[in-house]
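In this note's numbering, the protein residues as written are 8 to 923.
For each residue, glycine too, the CB sits at the ideal point set by N, CA and C.
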Amino acid sequence: MSESLNAVLPGWRSWPVAVLLAMAPVAAWGAGYAERITPENAAARRVLGSDSTGGIGDWALGNGHLCAVISDPSHESLLTAKGGVLVDLGRCGLAHDEWNSLETLLNMSRGQMLGASEIRAEPARADGSVAIVAGTQMLGLAIETHYVLHPERPDALRIETRATRLPPDETAERAFLFGDVVLHGGRNLAPFTLALDADFRVRDEGSVGFRHPPVDPDDLLTMLRAILPSNLNVLVGGDTQKPGVAYGLRLLGAQLVSPDGHSRPLPQLAINGDSFTMHGVFSRPLWLGGPEVGWFELAQSLLMDIEPGETLVLQREIFVGARGDVAAVTDQLWPDGPLVRGRVAPAARLHVATRAGTPVTQARPDESGLFAFRLPEPGAYTLRVLAPAGRSLERSIEVASSGLTVDAIELPKTGRVALPRGRPMRLVFIPSEGGEPPHFGDDLLGFRIGGDPYRGSNEGRDVALGGIATDPAEVSLRPGRYRILATRGPEFTLTETWLDVPAGKLVALRIDSPKRVHDHPGWIAADLHVHSEWSDDSTFPVTSQLAAFAAEGADLIVSTEHDRVVDYGPLIQRLGLGGRIRSLVGLEVTSSAESEASPETAGHANVFPHPYEPLAFRGGAIRGEGRRFRAIVADTRALPGGALLQLNHARSKHGQKADLNYFTHLGVAGEAFEPTRPLESWPNRLLLEPDPETGLRDIDFDIMELLNGSSMTQYRALQADWISLLLQGTFRAAVANSDSHSRRELIGYPRTYVRVPGDFRTEAFIGALRAGNAYGSTGPLLDVALLNAEGVRTGLGGLHRGPRGTLAVTVRAAPWVPISRLRVWWNGAAIHQGDITPGTPIELPLRFEQDGFVTLEVSGEATGDYAVVVRGFVPLAFTNPIFVDADGDGRFSAPGLSEPRLPILSPQPGGRPESR
């Protein structure tokens, strides 16, 4: 080992251990195992990392070098209600799993996902390999998928699917295409695409690197144009993950094997989107055309099928790299290729292409700036270096068979700013003279879909400081002059300073901490919908998300990662934030599978508080796939602690039908909820159908998210739905949440203020939420009550008794939050619209001729510093109803849909909401 290193790397002993380990040959075969995970072996057999989901009952496969988990058939997957799929993968002992799942679909149909009905371990095969084998029967096919680790290739997980046509029966259907799908929403993994020949050389055609053609899964034309003749996708993990990870998914080939053993190769295709990577094969050789796949070839596929006795064999392998770059995988494919090494700024990233511009690999240096990567062959290449603060350079290099040591790479000088320590705040950097805003946290991959940048979870314009040890000490900026604002949320002032940032210098940022201008005693500022790197569509570090939450001055956060129960509490304590923020354990039940029970999926819904079982599959999460929404209601009701079920973003932000927006399809209807029709009419009446066993209905959720992020279009549509339900006697408390997945999506905006007087108790918080003693806000603070003649106050969610009352409203806001408009509704119809001044109480005498409910909203124009600090939002607060028992019978009687058209509300240009 030392002699070979000395031959190509003189002075290698002075190199950091991390670089040497990254370049070293793979470890020898260890003690292979293939077995089910049990309570006794779970600590040793689970694969840990930010996306670890496997647990007791799943199946573990390992060899001391690679460790994997295949889910049990009884466990759901991301796209099907069944398991038997690869859910966790990493280098043994590194705790860097970012794998989501590898799932196979037939005929390009989400309704024909391959899920297993049986599974077995093969811990001692004759050839020395170990395997987990998952099987099922569907479409008249007997299908087995073998997950194999072999002593001859300990560095690769081999996956082979064999689909054999059974004698014809009533279950048989045409099978014309098999496709593997890897999901990586929110740039959870960034695919780098190559087309390799048999000698692992990079072909020009099909090699696009991180720059992918545009693709829309709902548009067949763009799907066809996005098809590539590639066979390798390197899926690069999050830039901030330590240790890093990259997965090399390589399509080895596919064959159609006749009953007599004759084998014929099958045509292949590959497509990458912003949230998925797919490798596919046709079930028969092409009759005409090819080898490229287009309209003509795809049309032929519709006539293809596997004949009785024939077997389709699909083979692929996955390499795992221990760094978050492409070279962590390609170095394993080219172990004898020429080595390129050198030194660069540690934060830089290196991109390598042929002189013709074909991407080859990408690398990152270690923390000292040393880098080393291999190339497939000697030749002329272009080395492009990207670094923070918009710096870049390009260099032509000639690489000999003996390798190359690159001369020192000097990047343009940037400015560096030392940040405040020990003080929570979010810093907004505004370049003078209209300069380009900073892009902090850019992973420098240059990932694009259709030429448009698709940014990672950690990239954004602001820097959040939690006042904790893990806060960044400094940032890099383009040289220039900056206006800098500091915020701590809507209950605090803004502070401001100007800073000149010279090139090549470190300057200290001196800025005052924002001061609290409004106390809101008895109210808890909560964000009930939050994600982090522990979700399958984010790589934003959970420590950064918690620091950002603390920086925004909020009080309570609910962990709602997708289909996975996690507990933020211990980490909050370790970070020293326990005295400032509280947390509740929950999850977002994220339905994606099309099934007989719920053809349109069951949408998305949060459940909290939820028990956390650390060794269970997905932490013990409620199942969401292949189920009607009322089954999720039943599971929530069965949890201890009075758990709430929150219907999330039930309308689309753009108006179209979508899986995640439940009211756009109602799960089983395929049609949207119609707020102008009675609940008993089609399709609304499906919400009222009781489950034959539990008696629960789809409509029996507890709270409803009206404002998700900044979308006013979605808010107005959901407000109409919510008012329709209220008019018909179905009250579901309304809430507002950030649904933040990234640095760019501000956590705590919007937020839900929940009334909890005195010492905090979880039971009191949950009870107040359920009762509607809460309001949503993007900045304004509210004090709202309905007073009777004796001055007795009825607050939000309460029942006012009598035919008269005085609505008392006081709005408070920090000076930078512009509020100017008040609107009041009675049974969904506007009864007052007027100006309002923060801090000035307003009293509105009201008379009620029938039972009903009062709601209100305050708003302002998104101008001035508000538009800079809370980009994309409108200053807004909305209340839950105050119910009115006008006839004094002791209860609220819903007024019903008395008008043919519900008063539907919409925003007018400029952000001021006005009635239509």
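C-alpha distance - residue i paired with residue j, whole-angstrom precision
i, j, result
"G903", "R854", "19 Å"
"E595", "D746", "10 Å"
"A971", "F860", "One cannot answer for residue 971 here, as it falls past the ends of the chain, which runs 8 to 923."
"A425", "A515", "5 Å"
"P764", "P852", "27 Å"
"G142", "A88", "15 Å"
"D246", "H617", "31 Å"
"G626", "G91", "18 Å"
"L667", "G610", "4 Å"
"R257", "C74", "18 Å"
"A471", "P427", "11 Å"
"L449", "G467", "Per the sequence presented here, residue 449 reads as Asp, with Leu not at that position. If I take the Cα positions, the gap works out to 8 Å."
"L203", "V209", "5 Å"
"H536", "G897", "35 Å"
"W541", "A205", "38 Å"
"L305", "T643", "45 Å"
"L146", "P175", "10 Å"
"T502", "Y489", "14 Å"
"P916", "G867", "The pLDDT assigned to P916 is 28, lower than 50, so where the model puts this residue is not dependable, and the model offers no usable value."
"A370", "R381", "10 Å"
"D544", "G648", "29 Å"
Distance CB(residue i)-CB(residue j) smaller than 9 Å
i, j, result
"D39", "P158", "The amino acid occupying residue 39 in the given sequence is Gly; Asp does not appear at that position. Against a cut-off of 9 Å, the Cβ pair of P158 and G39 comes out as a contact."
"E83", "D570", "yes"
"P419", "R398", "yes"
"N655", "N691", "no"
"L686", "L694", "yes"
"T477", "R433", "no"
"A49", "L622", "yes"
"G633", "A600", "yes"
"G442", "P383", "no"
"E620", "G61", "no"
"V241", "V333", "yes"
"L883", "G805", "no"
"V572", "V549", "no"
"P939", "I730", "Any answer about residue 939 is impossible in this case: the structure gives the chain only from 8 up to 923."
"V359", "T389", "yes"
Identity of the residues DSSP links to residue i by a beta bridge
i, result
"I126", "A141"
"G328", "A253"
"G859", "V891"
"P852", "T813"
"V572", "Looking at the DSSP assignment, V572 forms no beta bridge with any residue, so it has no partner."
"N195", "DSSP, once it has assigned bridges, lists no residue as partnering N195."
"Q307", "BP columns for Q307 are empty, so no partner."
"H286", "D187 and A277"
"N744", "N715"
"L7", "Here the chain comprises residues numbered 8 to 923, so residue 7 is not present and cannot be evaluated."
Same chain, Cβ closer than 6 Å to residue i, neighbours up to 5 away in sequence not counted
i, result
"W832", "T862"
"L451", "R356 and L393"
"A149", "T171 and L173"
"F217", "F199, L452, G453 and F454"
"L235", "G213 and A277"
"P848", "T817"
"P292", "R271"
Nearest-angstrom beta carbon gap, residue j and residue i [assumed within contact, 8 Å]
i, j, result
"V891", "H839", "Actually they do not touch by this definition, with Cβ atoms about 15 Å apart."
"A182", "T318", "The Cβ separation is near 12 Å, so there is no contact."
"L86", "M120", "5 Å"
"D507", "A532", "With a Cβ gap of about 36 Å, D507 and A532 do not count as contacting."
"S659", "T671", "6 Å"
"D104", "L164", "With 8 Å as the limit, D104 and L164 do not qualify as a contact, their Cβ atoms being about 13 Å apart."
Cβ neighbours of residue i in the same chain (closer than 7 Å, five flanking residues each side left out)
i, result
"T886", "Y782, L789, V791, L803, T862 and L863"
"L259", "Q322, R323 and E324"
"D79", "G64, D65, W66, G90 and I126"
"R132", "A138"
Cβ shell of residue i (< 8 Å), same chain only, five flanking positions each side left out
i, result
"G674", "S605, P606, E607, T608, A609, G610, R635, F636, L693 and D705"
"D842", "S827, R828 and L829"
Near the ligand FMN: residue i beta-carbon under 8 Å from a heavy atom
i, result
"T546", "What this structure holds is no ligand at all, so the ligand FMN is not there to describe."
Minimum Cβ-Cβ distance from residue i to chain B less than 9 Å
i, result
"S81", "Absent here is chain B; the protein component of the structure consists of one chain."
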